[in-house]
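Numbering (our numbering), first residue to last: 17 to 186.
Before any comments, here is the structure.
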């Protein structure tokens, strides 16, 4: 959590349970979709959120479909490899059928030696959607090891500038 007083805004992170018994229960019993939607709406209102990001598992499952279905915008993150290209096409088709108003693509873990402009053009032509940004594979991000918020610890880093560019598309 980043308090509003220190950063001019707030960032709230709500992780899912990491307890094996909770995960097993959801897998075997499922969960109440309406309760999840009501809870997300309540969080948005309670904290007066400008954005609510839902980080789902890769691929399609009930949770992903719900998240796509209730979204005003979908930021679809893909790696520049063939496996992700196929999965991305399926998810884009679902988002279109669910009439999501805005869909943006973000390329993650792009190797530094790739021609970024050519990669962006190829992806936009392949999917007919805008690429909001291309995130390079970053050793600095890897070193952070989820121990902080990258952009706050590295405000002048080129990766931070890419995140800012992506945010400008939202």
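Quick reminder that beta carbons are idealized off the backbone N, C-alpha and C, glycines included.
Small disclaimer: the values here were computed from a predicted structure and weren't measured.
Just to confirm the assignment, what range does the beta strand (DSSP E) spanning residue i have?
i	result
residue 123	118 to 126
residue 150	147 to 152
residue 91	89 to 94
Buried or exposed: which applies to residue i, given that a residue is buried once 16 or more other Cβ atoms fall within 10 Å of its Cβ?
i	result
residue 123	buried
residue 90	buried
residue 19	Its pLDDT being 48, under 50, residue 19 is placed unreliably by the model, and the measurement read from it follows with that caveat. Per the 10 Å Cβ criterion, exposed.
residue 186	exposed
Can you find the residues in the same chain that come closer than 8 Å, C-beta to C-beta, to residue i, ignoring five residues on each side of it along the sequence?
i	result
residue 136	123, 147 and 150
residue 153	125, 126, 127 and 128
residue 103	74, 75 and 94
residue 86	53 and 56
residue 181	148 and 149
residue 130	96
What span of residues does the alpha helix (DSSP H) with residue i cover, start to end?
i	result
residue 81	78 to 85
residue 139	132 to 143
residue 114	Where residue 114 is concerned, there is no enclosing alpha helix (DSSP H), given that its DSSP letter is neither H nor E.
residue 43	36 to 45
Between the Cα of residue i and the Cα atoms of the options, which residue gives the shortest distance?
i	options	result
residue 121	130, 100, 114 and 115	100
residue 66	88, 48, 84 and 36	88
residue 106	142, 134, 71 and 138	142
residue 157	132, 176 and 118	176
residue 140	61, 170 and 119	119
Throw me the rounded Cβ distance for the residue i and residue j pair, which I believe falls under 8 Å.
i	j	result
residue 108	residue 92	7 Å
residue 59	residue 68	7 Å
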